[in-house]
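Peer 1: Chains as they are written, first to last, in the working numbering: chain Y, 54 to 382; chain P, 54 to 382. Each residue gets a CB set at the ideal place from its N, CA and C atoms; glycine is no exception.
Number of protein chains: 2
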Amino acid sequence: MKRFDLKYYVDGLKAQNNVILAQAITLVESKRVEDQKMADQLLNEVIQDSTPSIRVGITGTPGVGKSSFIEGFGTYLIDQGKKVAVLAIDPSSQRTGGSILGDKTRMETLSRHPMAYIRPSASGNTLGGVNNRTREAVLLCEVAGFDAIIVETVGVGQSETLVNNMVDFFLLMIQPGSGDDLQGIKKGIMEMAHGIVINKADGDQAKLARQSKKDLLSALHLFAASETGWSTQVELCSALEKTGFESVWQMIASFQKEMISNGLFYQNRSDQNLTWFEDRVNFGILQQLADQPHLKALRQELELKVKQNELSVSKATIEMLDRVKQLLA
Amino acid sequence: MKRFDLKYYVDGLKAQNNVILAQAITLVESKRVEDQKMADQLLNEVIQDSTPSIRVGITGTPGVGKSSFIEGFGTYLIDQGKKVAVLAIDPSSQRTGGSILGDKTRMETLSRHPMAYIRPSASGNTLGGVNNRTREAVLLCEVAGFDAIIVETVGVGQSETLVNNMVDFFLLMIQPGSGDDLQGIKKGIMEMAHGIVINKADGDQAKLARQSKKDLLSALHLFAASETGWSTQVELCSALEKTGFESVWQMIASFQKEMISNGLFYQNRSDQNLTWFEDRVNFGILQQLADQPHLKALRQELELKVKQNELSVSKATIEMLDRVKQLLA
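(1) Going by DSSP, name the residue or residues bridged to P/I203.
(2) Counting Cβ pairs closer than 8 Å, one from the stretch 127 to 136 of chain Y and one from the stretch 219 to 230 of chain Y, do we hit at least three?
(3) What is the rounded straight-line gap between the Cα of Y/P173 and the Cα of P/F199?
(4) Which bits of chain B does Y/W302 rub up against, with CB to CB less than 7 Å?
(5) Determine the extent of the alpha helix (DSSP H) in which Y/M226 is found, giving its start and end residues.
(6) Taking 8 Å as the cut-off, does the stretch 184 to 192 of chain Y touch the stretch 74 to 93 of chain Y (at least 3 CB pairs, one atom from each stretch)?
(7) Taking only beta-carbon atoms, is Y/V209 less than 8 Å away from chain P?
(8) Please return the same chain residues whose Cβ sits closer than 7 Å to the Cβ of Y/Q94, not counting the five positions on each side in sequence.
(9) Of the residues P/M160, P/M245 and P/H274, which one's Cα is nearest the Cα of P/T214?
(10) Expressed to the nearest angstrom, what Euclidean distance is found between the alpha-carbon atoms of P/I251 and Y/P115?
(11) How many Å lie between P/G316 and Y/Q353 at the Cα?
(12) What are the residues of the stretch 304 to 330 of chain P that lie near chain Y, defined by any Cβ-Cβ distance shorter than 9 Å?
(13) Per DSSP, which one or two residues make a beta bridge with P/G127?
(14) What does the Cβ neighbour count give for P/E82, buried or exposed, with the cut at 16 atoms within 10 Å?
(15) Return helix, strand or coil for Y/R188, following the three-state DSSP convention.
(16) Leaving out five residues on either side along the sequence, give the residues of the same chain with a beta carbon under 7 Å from the beta carbon of P/K266.
(17) Could you give the DSSP three-state label for Y/I100: helix, strand or coil?
(18) For P/L96, which option in P/M243, P/G113 and P/D64 has the closest C-alpha, if you only look at C-alpha atoms?
(19) Are the C-beta of Y/A272 and some C-beta of chain P separated by less than 8 Å?
(20) Consider the Cβ of P/D88: report whether some Cβ of chain Y lies at a distance smaller than 8 Å.
(21) State the DSSP-derived secondary structure class of P/P167, mapped to helix, strand or coil.
(22) By how many angstroms is the C-alpha of Y/N185 removed from the C-alpha of Y/W329?
(23) May I ask you to report which of helix, strand or coil DSSP gives P/R56?
(24) How is the alpha helix (DSSP H) around Y/L289 delimited, first residue to last?
(25) Which residues in the same chain as Y/E124 place their Cβ atom closer than 8 Å to its Cβ, once the five residues preceding and following it in sequence are excluded?
(26) Whose CA, out of P/R85, P/D268 and P/G256, lies closest to the CA of P/K295?
(27) Provide the residue(s) that pair with Y/I249 in DSSP beta bridges, ordered along the chain.
(28) Going by DSSP, what residue range makes up the alpha helix (DSSP H) through P/S271?
(29) Nearest-angstrom Cα distance between Y/E356 and Y/K349?
(30) Between the C-alpha atoms of Y/S106 and Y/F318, what's the straight-line distance to the nearest angstrom?
(31) List the residues of chain Y that P/M373 touches, going by C-beta distances under 7 Å, in chain order.
(32) Over the uninterrupted alpha helix (DSSP H) stretch that includes P/F276, give me the two end residues.
(33) Helix, strand or coil: which one does DSSP assign to Y/C85?
(34) Using only the alpha-carbon positions, how far apart do P/R376 and Y/S120 sit?
(35) For Y/H247, count neighbouring C-beta atoms within 10 Å of its own C-beta (all shown protein chains included) and say buried if the count is 16 or more, exposed if not.
(36) Would you please state the rounded distance, in angstroms, between the beta carbons of P/I111 and P/E205? I believe it to be under 8 Å.
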C-alpha cells in the first residue's frame with residue numbers, strides 16, 4: 054500500500070477527488086498501528102459534524118434484490134441532484150471474496166456514473182470483528198462531497214447491529230410472501246427497521262406484495278411505538294420495473310425531516326459516536342497488546358503449546374492473562 | 054448469580070447433573086474477571102480432548118424450519134442412543150430477546166426429554182462480539198455426557214464463521230426453491246457447509262425439492278474439491294413428516310468416520326482450539342484494560358466529551374491509545 058502525507062489526503066478529499074477518497078479509505082482500513090493513528094488524525098482534520106447528508110442502511114436476505122434496488126434507487130437519487138456512495142459490508146466474504154465484490158459489475162450503470170462511488174468494505178474477522186471501518190468510510194465519503202450514503206449488508210445478525218450503529222435510516226428489504234414467510238423475519242431486525250421495502254412488487258407478484266404490505270402493517274401495530282415517535286413504514290417497489298423509488302425516498306426524507314425537527318437526528322449521530330469511540334479504542338488496545346514484545350513472545354509460545362496439545366486452552370488463557378495483569382500492575 | 058466452588062461444578066458435571074451443567078454454563082458466560090478465571094480453571098480441570106462426540110452446526114435463514122428439524126432430528130438421535138444438547142446462538146437477540154429464546158417451547162418434545170438439553174446462548178455484542186461462550190458450553194455439555202451437540206445459528210454472516218469454528222460438521226438448511234433462489238445462497242456459506250439439507254421436501258414441494266437437490270449438486274460441482282477430500286452432500290428431509298433424518302445422520306456419520314480415519318477430525322479440533330485461545334485472550338485483555346483504574350477514568354472523561362461534542366472521536370481515540378501506550382511502555 055502506497056502512503057501519502059496528511060495534507061495529500063486532506064486536500065484530495067476536499068477537492069472531491071474519488072481516487073484520493075479510495076486511498077484514504079484504504080489508509081483507514083490498514084491494520085498497522087501507525088496507519089491507524091494517521092487515519093485518526095485525518096478524520097479529526099476533515100470531519101465536520103454538521104454534514105448535511107443522509108446515511109441509509111439496507112439489509113435483507115440474499116436474493117431479495119438489494120443490488121438491483123440500489124442500482125435503480127441510486128440512479129434515482131442522482132437524478133434528484135445527489136451524489137451517491139454505496140458501501141457494502143459482507144461479513145461472510147472473508148473466505149471466498151463473497152458475492153458483494155461482484156456488486157460493481159451488478160451495479161453497472163451506477164458504478165460508471167461520475168456522481169456515484171461504490172466500494173465493498175472488507176469486514177474481516179480479526180480481533181473479534183471490531184476492526185470494521187465502514188463507519189470511517191461513510192465519513193470520508195461525506196467529506197468528499199457525497200450526500201447520500203448507502204450502506205448495504207447481507208444477512209441477519211451482527212452486521213445489522215453494526216450498520217444500524219452508523220446510519221440514520223435503516224431499511225429492511227423483503228420480497229412478497231405469505232404471512233408464514235413474514236413470521237420468519239427476525240423481530241429484532243423488524244424493530245430496528247425505520248422502513249420496510251417489499252421489492253419485486255411486479256407481474257404475478259404485485260397482488261401478493263400488496264397483501265404482504267397489509268399483513269406487515271398489521272404486524273407492526275403489535276409493536277410498541279418507538280421512542281422516536283416514528284412508526285415503521287412499508288413501501289412497495291420493483292427494482293426490475295424501476296417503480297416505487299420515489300415513495301421510498303419520500304419515506305426516508307420525511308423521516309429525516311421529522312428527526313431533525315425533534316432534535317433526535319443529531320442526537321442519534323452523537324450516540325453513535327460513542328459506540329464508534331468504544332470500537333476504535335478496543336481495536337487499538339488489542340493491536341497495541343498484540344505488538345507488545347513480551348506479550349507477543351509469550352503468546353506465540355502458548356499458541357505453539359496449544360497447537361501441539363501440550364497445554365489446554367484454558368490453562369494457556371490463564372497464563373496469558375496473568376502476564377497481562379502483571380504488565381498493567 | 055449464585056456462585057459455587059470448583060469442586061461443586063466438577064463433581065456435578067461428572068455426575069451428569071443438568072442443573073449443575075446449566076450453572077456451569079452461567080459461570081462461563083459471566084463477564085466478571087474472577088468468574089472468567091474460575092471458568093478457565095473449571096474447563097482446564099474437566100475437559101478431555103478425546104471426547105467421543107459429534108458437534109454439528111446448523112444454519113439457515115429464518116423460516117426454513119431449523120427448530121422443527123432439530124426437534125425431530127434430535128429425537129431421532131436420542132432413539133439411536135445418543136444424548137443430545139442443543140445450543141442456539143442468536144446474534145440479533147440482544148434487543149428483543151429474539152425468537153430463539155422461544156425455542157424451548159417450539160422444541161416441545163425434545164425439551165422435555167431427559168436425554169436432551171436445550172439452551173439459548175446469548176451472544177451479546179460487548180467488547181466487539183468476542184465474548185460469545187458457546188464453545189465453552191459445547192465442551193461442558195460433553196463433559197456432562199452429551200455426545201451429539203447441535204449448535205444452531207440464525208442468518209448469514211459472522212455467526213456462521215463463529216459456529217464453523219466450533220463444530221465438526223457444518224450443515225446448511227434451505228427450503229425447496231428455483232435455481233434463482235439457490236443463487237441467493239451465499240457462496241461463502243455454501244463452501245463452509247459439509248452438508249446441505251433441503252427441508253420441507255413434502256406435499257406439493259416434494260418435486261421442487263428433488264429438482265433443487267439436482268441443481269445444487271451441479272452447482273457444487275463448480276467448486277474446487279475441499280482440502281479435506283470431502284464433497285458437500287445434499288439430502289432431502291421433511292421435519293413435518295419426520296422423513297430424511299436417517300440419511301442426514303448417515304451423511305454426518307460417514308463424514309466423521311472419514312475425517313477420523315484421515316486424521317483431520319482431531320486436527321480440525323486442534324486448529325479450532327487456537328482460534329478459541331485468541332478469542333479468550335482478546336476478551337480477557339479488553340476486560341482487564343476496562344477495569345484498569347487510570348484508563349477507566351480517562352475513558353469516562355473522554356466519553357463524556359465525545360457525548361457532548363466537545364471532542365472528535367478520532368482525537369479522543371488518539372488520546373486514549375496514547376495513554377495505553379504509555380502504560381505498556
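Peer 2: According to the structure data:
(1) Counting from one through the second sequence, the residue named residue 203 of chain P turns up at place 150. Under DSSP, P/I203 forms a beta bridge with P/V109 and P/V139.
(2) As far as the Cβ criterion goes, the stretch 127 to 136 of chain Y does not touch the stretch 219 to 230 of chain Y, which means the pair count is below three.
(3) On the first sequence, position 120 is the one that residue 173 of chain Y refers to. On the second sequence, position 146 is the one that residue 199 of chain P refers to. About 42 Å.
(4) The structure shown contains no chain B; its protein chains are Y and P.
(5) One-based indexing of the first sequence puts residue 226 of chain Y at position 173. Judged by DSSP secondary structure, Y/M226 falls outside any alpha helix (DSSP H) and instead within the beta strand (DSSP E) spanning F222 to I227.
(6) They touch, by the three-pair rule.
(7) Here residue 209 of chain Y refers to the residue found at position 156 when the first sequence is read from its first residue. With a pLDDT of 47 at Y/V209, under the threshold of 50, the predicted position of this residue should be treated as unreliable, and no value is reported.
(8) The sequence position of residue 94 of chain Y within the first sequence is 41, counting from 1. Contacts found: L59.
(9) As a working note, residue 214 of chain P is residue 161 in the second sequence. The shortest Cα separation from P/T214 among P/M160, P/M245 and P/H274 belongs to P/M245.
(10) What you label residue 251 of chain P is simply residue 198 of the second sequence in a count that begins at 1. What you label residue 115 of chain Y is simply residue 62 of the first sequence in a count that begins at 1. P/I251 and Y/P115: Cα-Cα distance of roughly 17 Å.
(11) For the purposes of this step, residue 316 of chain P is taken as the residue at position 263 of the second sequence. For the purposes of this step, residue 353 of chain Y is taken as the residue at position 300 of the first sequence. CA-CA distance, P/G316 to Y/Q353, rounds to 25 Å.
(12) Y319, S323, D324, N326, L327, W329 and F330
(13) To locate residue 127 of chain P, count along the second sequence from 1; it is residue 74. Answer is none; P/G127 lacks a bridge partner.
(14) Here residue 82 of chain P corresponds to residue number 29 of the second sequence, with the count starting at 1. Answer is buried; the Cβ neighbour count reaches 16.
(15) On the first sequence, residue 188 of chain Y is found 135 positions in, with the first residue counted as 1. Looking at Y/R188 - three-state DSSP - the assignment turns out to be helix.
(16) Start at 1 with the first residue of the second sequence, and residue 266 of chain P comes out as number 213. So the qualifying residues of the chain are I251, V287 and L289.
(17) Position 47 of the first sequence, counted from the start, is the residue given in the question as residue 100 of chain Y. DSSP places Y/I100 in coil when its eight states are reduced to three.
(18) On the second sequence, position 43 is the one that residue 96 of chain P refers to. Checked all of P/M243, P/G113 and P/D64; the closest Cα to P/L96 is P/D64.
(19) Here residue 272 of chain Y refers to the residue found at position 219 when the first sequence is read from its first residue. Not closer than 8 Å to any Cβ of chain P, the Cβ of Y/A272 fails to qualify, so no.
(20) Here residue 88 of chain P refers to the residue found at position 35 of the second sequence. No Cβ of chain Y is located within less than 8 Å of the beta carbon of P/D88.
(21) Along the second sequence, one-based indexing puts residue 167 of chain P at 114. Correct three-state label for P/P167: coil.
(22) As a position in the first sequence, residue 329 of chain Y is number 276, starting the count at 1. As a position in the first sequence, residue 185 of chain Y is number 132, starting the count at 1. If you take the alpha carbons of Y/W329 and Y/N185, they lie about 10 Å apart.
(23) Here residue 56 of chain P is taken as the residue at index 3 of the second sequence, counted from 1. Note: P/R56 maps to coil in three-state DSSP.
(24) By 1-based counting over the first sequence, the position of residue 289 of chain Y is 236. It is not in any alpha helix (DSSP H) - Y/L289 instead sits in the beta strand (DSSP E) that spans Q286 to L289.
(25) Indexing the first sequence from 1 puts residue 124 of chain Y at position 71. R159, M160, E161, T162, L163 and A292.
(26) Taking the second sequence and counting its residues from 1, the one referred to as residue 295 of chain P is at position 242. For the options P/R85, P/D268 and P/G256, the alpha carbon positioned closest to that of P/K295 is the one of P/G256.
(27) As a position in the first sequence, residue 249 of chain Y is number 196, starting the count at 1. Paired residues: Y/L225 and Y/V287.
(28) The sequence position of residue 271 of chain P within the second sequence is 218, counting from 1. P/S271 -> alpha helix (DSSP H) spans A259 to L273.
(29) The count along the first sequence starts at 1 and reaches residue 356 of chain Y at position 303. The count along the first sequence starts at 1 and reaches residue 349 of chain Y at position 296. Between Y/E356 and Y/K349, the C-alpha separation is close to 10 Å.
(30) Residue numbering aside, residue 106 of chain Y sits at position 53 when the first sequence is read from its first letter. Residue numbering aside, residue 318 of chain Y sits at position 265 when the first sequence is read from its first letter. Cα-Cα distance, rounded: 11 Å.
(31) Walking along the second sequence from the start, residue 373 of chain P turns up at place 320. Near P/M373 (Cβ distances below 7 Å), the residues of chain Y are V334.
(32) Locating residue 276 of chain P in the second sequence gives position 223, where the first residue counts as 1. Unbroken run through P/F276: none, as it is neither H nor E.
(33) Within the first sequence, numbered from 1, the residue matching residue 85 of chain Y stands at position 32. The amino acid at residue 85 of chain Y is misidentified as Cys; the sequence shows Arg. Coil, per DSSP.
(34) The count along the second sequence starts at 1 and reaches residue 376 of chain P at position 323. The count along the first sequence starts at 1 and reaches residue 120 of chain Y at position 67. Going by the C-alpha atoms only, they are around 43 Å apart.
(35) Residue 247 of chain Y sits at position 194 when you count from the first residue of the first sequence. With 16 or more Cβ atoms within 10 Å of its Cβ, Y/H247 is classed as buried.
(36) Residue mapping note: residue 111 of chain P aligns to position 58 of the second sequence, counting from 1. Residue mapping note: residue 205 of chain P aligns to position 152 of the second sequence, counting from 1. That pair is a contact at about 5 Å.
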